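A.B. asks:
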Amino acid sequence: MTTIPQYHSDSQPPASTDIPGLNTLFILILALFLLGFGRSAQASSSPTITLVIDDIGYNLRNGLRAVNLPGAISYAVLPHTPYSQRLAKAAHKKGKTVMLHAPMTNVHQWEPGPGTLSPSMDRKTFDQALKKALADIPFAQGVNNHMGSELTQDSVRMQWLMEEISKRRLFFIDSRTTAKSVAAKTAKANGIPNMSRDVFLDHIRTPSAVNEAFDTLVRQAQRNGHATGIGHPHKVTLDMLESRIPELQAQGIRLVSVPDQLLAMGQTYERAQPAFITPEVTTPNRSPAFWRSEIQQLTRFKETDVTHPKIIRKEVVVRKKSPNLQPINRTEKRAEPSRENTPPLRDAGRDMLQQPVHHPDWLTPKDKQNWATTRD
1 MTTIPQYHSD SQPPASTDIP GLNTLFILIL ALFLLGFGRS AQASSSPTIT LVIDDIGYNL
61 RNGLRAVNLP GAISYAVLPH TPYSQRLAKA AHKKGKTVML HAPMTNVHQW EPGPGTLSPS
121 MDRKTFDQAL KKALADIPFA QGVNNHMGSE LTQDSVRMQW LMEEISKRRL FFIDSRTTAK
181 SVAAKTAKAN GIPNMSRDVF LDHIRTPSAV NEAFDTLVRQ AQRNGHATGI GHPHKVTLDM
241 LESRIPELQA QGIRLVSVPD QLLAMGQTYE RAQPAFITPE VTTPNRSPAF WRSEIQQLTR
301 FKETDVTHPK IIRKEVVVRK KSPNLQPINR TEKRAEPSRE NTPPLRDAGR DMLQQPVHHP
361 DWLTPKDKQN WATTRD
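UniProt numbering puts the first residue of the sequence shown at 1, with every later residue one more than the last.
1. Provide the residue(s) that pair with A133 in DSSP beta bridges, ordered along the chain.
2. State the CB to CB distance for the pair P246 and Q141, rounded to an integer number of angstroms; the pair is presumed to be in contact (CB under 8 Å).
3. Throw me the rounded Cβ distance for the M99 and V143 pair, which I believe falls under 8 Å.
4. List the endpoints of the continuous alpha helix (DSSP H) containing H92.
5. Candidates T81, R168, P47 and L51: which alpha carbon is nearest Y75's?
6. Among V199, A135, A250 and L238, which has the Cα closest to the Cα of P79?
7. Can you tell me which of the three DSSP states F139 falls into?
8. Using the Cα positions of Q220 and D54, report the straight-line distance between them to the nearest angstrom.
9. Return helix, strand or coil for R244, following the three-state DSSP convention.
10. With a threshold of 6 Å on Cβ separation, who are the neighbours of Q267 within its own chain once the five nearest residues in sequence on each side are excluded?
11. Counting C-beta neighbours from all protein chains within 10 Å, is the total for residue 382 16 or more, i.e. buried, or is it exposed?
12. Would you check if the segment 174-194 and the segment 207-215 touch, i.e. whether three or more CB-CB distances between them fall below 8 Å?
13. If we count the other Cβ atoms within 10 Å of its Cβ and call it buried at 16 or more, is T116 buried or exposed?
14. When the Cα atoms are used, what is the spatial distance from D127 to W160?
15. Who are I56's beta bridge partners in DSSP?
16. Straight-line CA distance for M104 to D174?
17. Please return the same chain residues whose Cβ sits closer than 6 Å to the Cβ of V210, not counting the five positions on each side in sequence.
18. Using the C-alpha atoms, what's the distance from T97 back to V67?
19. Should L248 go down as buried or exposed, given a rule of 16 or more other Cβ atoms within 10 Å for buried?
20. Where R61 and S84 are concerned, what is the direct C-alpha to C-alpha distance, given to the nearest angstrom?
21. From K89 to T125, what distance separates their C-alpha atoms?
22. In whole angstroms, give me the CA-to-CA distance for H92 and R244.
23. Can you give me the Cβ contacts of E111 inside the same chain, cut-off strictly under 8 Å, excluding the 5 residues immediately before and after it?
24. Roughly how many angstroms separate the alpha carbons of K94 and D154, rounded to a whole number?
25. With distance defined between alpha-carbon atoms, name the residue in S208, N106, G148 and L262 nearest to H226.
26. Taking its Cβ as the centre, do 16 or more other Cβ atoms sit within 10 Å of R123, making it buried, or is it exposed?
27. Drop a sphere of 10 angstroms on the beta-carbon of G148, count the other beta-carbons inside from all chains shown, and report buried for 16 or more, exposed for fewer.
28. Are residue 377 and E150 close, meaning C-beta to C-beta below 7 Å?
29. Rounded to whole angstroms, what is the Cα-Cα separation between M158 and T152?
30. CA-CA distance, H146 and S46?
31. Of all the options G229, A264 and M265, which has the alpha carbon lying nearest to the alpha carbon of I73?
32. Could you give the DSSP three-state label for T50: helix, strand or coil?
33. Going by C-alpha distance, which of Q222, I137, E242 and Y269 is nearest G252?
34. What are the boundary residues of the alpha helix (DSSP H) that includes I165?
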C-alpha cells in the first residue's frame with residue numbers, strides 16, 4: 001500500500017500586512033459605490049415625462065399659477081402679449097425653462113395673434129417677424145409652434161425657421177397640430193435638438209377629459225420610456241396638474257425639463273451633425289380647371305423653338321396680361337439690318353471694314369491718298 005506523504009511546514013505563517021480597518025473601509029466604499037450606481041441606473045431607466053404649458057402671456061393670474069406648479073415644467077410664451085416678459089422672467093427666476101411660442105398660420109383661418117408667421121411672407125419679412133418675437137421673450141431657450149397647421153407643412157419656411165434657431169443654438173418642439181407637419185424633420189436635418197408632442201392634455205376642457213389625457217401620458221411614458229405632454233393655463237388644467245404631478249414620484253416616473261430630456265436623448269449641438277438640405281417646394285392645392293388652363297397656355301408655344309422654362313413662363317405671364325397677344329414666331333429668320341445711312345464709326349480700323357467705298361468725310365487728305373492701299 002502506497003503511503004501518501006504528508007507535508008508539514010515547521011515555519012511560522014507570515015505576519016499579516018493588512019492595516020487594521022482597511023478591509024472594512026474598502027468594503028464600505030464599494031458598498032456605497034454600488035448603491036449609488038444602482039440608484040443612477042434606476043433613475044436613468046425610470047420613465048420620464050416632459051410637460052410644456054403653452055399660451056403664456058395673456059392671463060397674468062393663471063400664468064403665475066402655472067409658473068408656480070411643482071416640478072421641472074417648461075413654459076411657451078406668446079410674443080407681444082400683455083404679460084409675456086413678466087411671466088417669462090418669473091418662470092426663469094423659478095429655475096424653469098422658457099420658450100418662444102411662435103404664432104403660425106393654420107388651416108382653420110383662426111387668428112394666431114401678433115407676430116404671426118405665414119406662408120405669404122418673403123424671406124426678409126419672415127426673418128424680421130421671427131427675430132422680433134424672439135427679442136420679446138427674455139431667457140428663451142427654445143421654440144415651439146402656436147397653431148401652425150398650415151405653416152408647418154411649408155418646408156421652405158420651416159427651413160428658414162430652423163436656420164435662425166440653429167444660429168441661436170435653441171431647441172425646437174413640434175406641437176404636431178397636424179400630422180402633415182415637416183417641422184421636426186426639418187429640425188433634425190439641420191442638427192437641431194428637437195422632440196415632438198405626444199399628448200394634448202386639455203383638448204377637451206372638462207375635469208374627466210384632462211385627467212384621462214394625463215393617464216394616457218403616464219401610460220405612454222411607462223410603455224416608451226418617455227412622453228411629452230402639452231397643456232394650457234386653463235383653470236381645469238391647472239387644477240388637475242396641481243393634484244396629479246405629486247403622484248408621479250409614487251408611480252416611478254420622473255418629471256424632467258425639455259433641455260434635460262434632450263440631453264438624455266443625446267441631442268446636443270455638440271453631438272449634432274448639421275446637414276444641408278434642399279427644401280422641398282410645397283405646391284399649393286389647385287383645382288383641375290386651373291391646371292387645364294395652365295397646360296393650354298403652355299401648349300400654345302409648342303411650335304416655337306423656345307424651350308427654356310424661364311422664357312416660357314415669361315411669355316405665359318405676358319399672355320395672361322394681354323390675352324389677345326399673338327405668339328411670337330421665333331423660327332422666322334430675321335432680315336439682315338441695312339447699312340444705309342449708318343453713321344461713321346470713330347474707330348479707324350473698324351470703320352474701314354464697314355464703311356462704303358466712298359471716302360469718309362472725316363479722313364484727312366493724306367488718309368485719302370492712302371485709301372486704296374488701306375482698303376486692300
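No residue lacks a Cβ here, since even glycine has one placed at the ideal position from N, Cα and C. Predicted model only: the values in this text are computed from it and were never measured.
C.D. replies: Let me spell this out:
1. What you label residue 133 is simply residue 133 of the sequence shown in a count that begins at 1. In the DSSP output, where bridge partners are listed per residue, A133 has none listed.
2. Residue numbering aside, residue 246 sits at position 246 when the sequence shown is read from its first letter. Residue numbering aside, residue 141 sits at position 141 when the sequence shown is read from its first letter. The Cβ separation is near 26 Å, so there is no contact.
3. Residue mapping note: residue 99 aligns to position 99 of the sequence shown, counting from 1. Residue mapping note: residue 143 aligns to position 143 of the sequence shown, counting from 1. Yes, M99 and V143 are in contact; Cβ-Cβ is about 6 Å, under 8 Å.
4. Counted from its first residue, the sequence shown places residue 92 at position 92. Start and end: S84 to K93.
5. The count along the sequence shown starts at 1 and reaches residue 75 at position 75. Of the listed residues, the one whose Cα sits closest to Y75 is L51.
6. Your numbering for residue 79 matches position 79 in the sequence shown. Selected option, being the one with the closest Cα: A135.
7. Working through the sequence shown from its first residue, we reach residue 139 at position 139. In the structure shown, F139 sits in coil (DSSP, three-state: anything other than H, G, I, E or B).
8. In the sequence shown, residue 220 corresponds to position 220, counting from 1. In the sequence shown, residue 54 corresponds to position 54, counting from 1. Each residue's alpha carbon lies about 21 Å from the other.
9. The residue given as residue 244 occupies position 244 in the sequence shown. Residue state, collapsed to three classes: helix.
10. By 1-based counting over the sequence shown, the position of residue 267 is 267. Excluding sequence neighbours, Q267 sits near P193.
11. Shown here, the chain extends from 1 to 376; a query on residue 382 therefore has no answer.
12. no
13. In the sequence shown, residue 116 corresponds to position 116, counting from 1. Under this definition T116 is a buried residue.
14. Position 127 of the sequence shown, counted from the start, is the residue given in the question as residue 127. Position 160 of the sequence shown, counted from the start, is the residue given in the question as residue 160. Cα to Cα, D127 sits roughly 8 Å from W160.
15. Indexing the sequence shown from 1 puts residue 56 at position 56. V77.
16. Along the sequence shown, read from residue 1 onward, the residue named residue 104 stands at position 104. Along the sequence shown, read from residue 1 onward, the residue named residue 174 stands at position 174. Rounded to the nearest angstrom, the two C-alpha atoms are 12 Å apart.
17. Walking along the sequence shown from the start, residue 210 turns up at place 210. If we look at V210 and ignore the five residues flanking it on each side, its Cβ neighbours are L201, D202, V236, T237 and M240.
18. Position 67 of the sequence shown, counted from the first residue, corresponds to residue 67. Position 97 of the sequence shown, counted from the first residue, corresponds to residue 97. About 10 Å.
19. The sequence position of residue 248 within the sequence shown is 248, counting from 1. Result: buried.
20. Against the sequence shown, residue 61 aligns to sequence position 61. Against the sequence shown, residue 84 aligns to sequence position 84. Roughly 13 Å between the two C-alpha positions.
21. Position 89 of the sequence shown, counted from the start, is the residue given in the question as residue 89. Position 125 of the sequence shown, counted from the start, is the residue given in the question as residue 125. Near 28 Å, if we compare the C-alpha coordinates of T125 and K89.
22. Your numbering for residue 92 matches position 92 in the sequence shown. Your numbering for residue 244 matches position 244 in the sequence shown. One C-alpha to the other measures close to 23 Å.
23. As a working mapping, residue 111 is identified with position 111 in the sequence shown. Same-chain partners within the cutoff: there are none.
24. Sequence index remark: in the sequence shown, residue 94 carries index 94 (1-based). Sequence index remark: in the sequence shown, residue 154 carries index 154 (1-based). If I take the Cα positions, the gap works out to 36 Å.
25. What you label residue 226 is simply residue 226 of the sequence shown in a count that begins at 1. Taking only the C-alpha atoms, the option nearest H226 is L262.
26. Reading the sequence shown from its first residue, position 123 is the one you call residue 123. R123 should be labelled exposed.
27. As a first step, residue 148 must be located in the sequence shown, where it is residue number 148. It is buried - the Cβ of G148 has at least 16 other Cβ atoms within 10 Å.
28. Outside the displayed range of the chain (1 to 376) lies residue 377, so it cannot be described from this structure.
29. The residue you call residue 158 lines up with position 158 of the sequence shown. The residue you call residue 152 lines up with position 152 of the sequence shown. C-alpha separation (whole angstroms): 6 Å.
30. Along the sequence shown, read from residue 1 onward, the residue named residue 146 stands at position 146. Along the sequence shown, read from residue 1 onward, the residue named residue 46 stands at position 46. About 31 Å.
31. Counting from 1 along the sequence shown, the entry for residue 73 is found at position 73. The shortest Cα separation from I73 among G229, A264 and M265 belongs to G229.
32. Here residue 50 is taken as the residue at index 50 of the sequence shown, counted from 1. Three-state DSSP puts T50 in a strand.
33. For the purposes of this step, residue 252 is identified with residue 252 of the sequence shown, where counting begins at 1. The shortest C-alpha separation from G252 is found at Q222.
34. For the purposes of this step, residue 165 is identified with residue 165 of the sequence shown, where counting begins at 1. Unbroken alpha helix (DSSP H) run through I165: S155 to R168.
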